[in-house]
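Inspection log for the structure reproduced underneath, given as structure tokens.
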Ligand SMILES: Cc1cc2nc3c(=O)[nH]c(=O)nc-3n(C[C@H](O)[C@H](O)[C@H](O)COP(=O)(O)OP(=O)(O)OC[C@H]3O[C@@H](n4cnc5c(N)ncnc54)[C@H](O)[C@@H]3O)c2cc1C
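In this note's numbering, the protein residues as written are -19 to 476.
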């Protein structure tokens, strides 16, 4: 065996907190290097009935990688980088270990002239973590989430079985029942939950769809169904041209107007260009960034970061039409614009600097992050924005709203500075969750449920939905050792 073990808590404190400031406890940390290592560790945990939590790179924002007891397994040494395999003019794939970081994956694919479209703001995430949360980010607007780019998965399940699942090879039946063959020759048999997922960007609970590809059940399962050891990812050709910018506005409604026009009304413009990212910053968000970016225009009260794909033939006209759009929405003259990759990286960093600054403030205040990850249909966006503002102002809790506005998906970050405001903040989030669900939205569009959002998941799918999900978990993990505390309340899991 080639795995390492850390037994002294002094040596693994960094495994006990994630980016949301959620903290926990563990007895030891295992660092496997091969699939056989993972299998051996899982079998030990199973025999000793130890809760086993999978840790990616702990950039998660829902406490999913942080246990309250038992062992941690981190596939960080399983960081084998494959080479890009070209399958056709516009088709390629790459096979990587689950410990590879997104930043390393991007470097490798870009070097070979290919694009891996999922683009979570945080590139320190490990590939296994992004698959297990079905991460997405700014480019979701055009390209969708991680699941759309996962071609196959190698996993180890809770009893030590190896599973290799290729997209297209194994589907659920019409009545929701499924049978997944294992490498050992046996099969996992069960029934999918009966709930219907909200028709918005969604990462809440297990993915369920009629006659679904069963690889999608595992993607986004937050370390509760198995441990991802390796993945083959689909790559595409990058666009010929991209132009991008940060458009500043003198009020928030002006910023929303360009988003609504692009998303709901801009049919004829799609012949000229594809908007691939539309990201929002409210005034408080800009205030967070001002110490680092003194060039933010003084009169700016909101901003949109956009990335737009086109080609050489259509570029001139595309720029003209987009410029007109900015003008109609009264974007400020001092807005930023960039055509080179270097300029565009500056905008990307500007966007990334925001959650980093907010998370730093959360840590400084000494509380866990209190933020929404709700998505609502675009028509309901102004209503939910109003709810966020009204609740924060009424309870005098500082806040900032930013994120993936093009998908009706904004992060309302509450910034309580004392225990009583911290508790009130979670109540306010609960109130807004009720409203998001009423609008047909979701309570998690990309960060997942982890340990922090179980009550919201219950609000979305009810007790029955949770119980049906727990039945699926029992098929994959009969003893209930994996990802204990994630997605499910304790009472739905077997006793350890
Ligand atoms: C500044 C900042 C910006 C962010 N922006 C975005 C964004 O735009 N979009 C977005 O989607 N997320 C975003 N995130 C959240 C985070 O980056 C993602 O959730 C990411 O996918 C987590 O990856 P990780 O490797 O850090 O996983 P971890 O946090 O370590 O784990 C996350 C979950 O996955 C499970 N897991 C990890 N590895 C495996 C594995 N190999 N097998 C099975 N289960 C596993 C864990 O048990 C846990 O439940 C952001 C975070 C930060 C700090």
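The beta-carbon is built from N, C-alpha and C at its ideal position, and this holds for glycine as well. All figures in this text were calculated on a predicted structure; none of them were measured in a lab.
- Scanning 410, 228 and 325 for the CA closest to the CA of residue 364 turns up 410.
- In chain order, 229, 282 and 284 place their CB closer than 6 angstroms to the CB of residue 235, counting only its own chain and leaving out the 5 sequence neighbours on each side.
- Under the rule that a run must span 4 or more residues, the alpha helix (DSSP H) segments found entirely inside the segment 294 to 370 read 295 to 308 and 321 to 345.
- Comparing alpha carbon positions, the residue from 122, 233 and 425 closest to residue 287 is 122.
- Under the three-state reduction of DSSP, residue 270 is assigned to coil, being neither helix nor strand.
- In the DSSP assignment, residue 254 is bridged to 289.
- For residue 51, the enclosing beta strand (DSSP E) starts and ends at 51 to 53.
- A check of alpha carbon separations from residue 221 across -5, 320 and 25 identifies 320 as the nearest.
- Residue environment: residue 244 is assigned as exposed (fewer than 16 neighbouring CB atoms within 10 Å of its CB, all protein chains considered).
- At least one heavy atom of ligand 1 lies closer than 7 angstroms to the C-beta of residue 427.
- Taking 7 angstroms as the cut-off, one finds no heavy atom of ligand 1 near enough to the beta carbon of residue 133.
- Counting along the chain, no beta strand (DSSP E) covers residue 406; the unbroken alpha helix (DSSP H) around it starts and ends at 399 to 418.
- Check the Cα spacing between residue 102 and each of 328, 240, 459 and 68: the tightest is with 328.
- Here residue -11 carries a helix assignment [DSSP, helix/strand/coil].
- Per DSSP, the beta bridge partners of residue 210 are 77 and 134.
- When DSSP states are grouped into helix, strand and coil, residue 193 belongs to the strand group.
- Contact annotation: the segment 125 to 144 touches the segment 196 to 209, with at least three C-beta pairs closer than 8 angstroms.
- Between the segment 308 to 319 and the segment 242 to 260 there are fewer than three C-beta pairs closer than 8 angstroms, too few to call the two in contact.
- Sequence-distant Cβ neighbours of residue 404 in its own chain, meaning closer than 8 angstroms and more than five residues away, are 375, 377 and 396.
- In this structure, residue 398 has its CB at a distance of at least 7 angstroms from all heavy atoms of ligand 1.
- Under the DSSP assignment, residue 172 falls outside any beta strand (DSSP E); it carries neither an H nor an E label.
- Residue pairing from DSSP places residue 392 in a beta bridge opposite 381.
- Non-local beta-carbon contacts of residue 66 in its own chain, meaning distances under 7 angstroms to residues more than five positions away in sequence, involve 72 in chain order.
- In the structure shown, residue 161 adopts extended strand secondary structure according to DSSP, grouped into three states.
- Taking C-alpha positions only, residue 84 is separated from residue 120 by approximately 20 angstroms.
- Comparing C-alpha distances from residue 158 to each of 190, 138 and 4 shows the shortest one belongs to 190.
- Distances taken from the Cβ of residue 41 to the heavy atoms of ligand 1 include one shorter than 7 angstroms.
- Under the three-pair Cβ rule at 8 angstroms, the segment 145 to 160 does not count as touching the segment 432 to 446.
- In this structure, residue 186 lies near residue 449, with their beta-carbon atoms less than 8 angstroms apart.
- Following the DSSP letters along the chain, one finds residue 65 inside the beta strand (DSSP E) bounded by residues 65 to 68.
- Residue pairing from DSSP places residue 151 in a beta bridge opposite 193.
- Beyond the five residues adjoining it in sequence on each side, residue 61 comes within less than 7 angstroms, by CB distance, of 76, 80, 84 and 88 in the same chain, given in chain order.
- Residue environment: residue 289 is assigned as buried (16 or more neighbouring CB atoms within 10 Å of its CB, all protein chains considered).
- The three-state secondary structure of residue 61, taken from DSSP, is strand.
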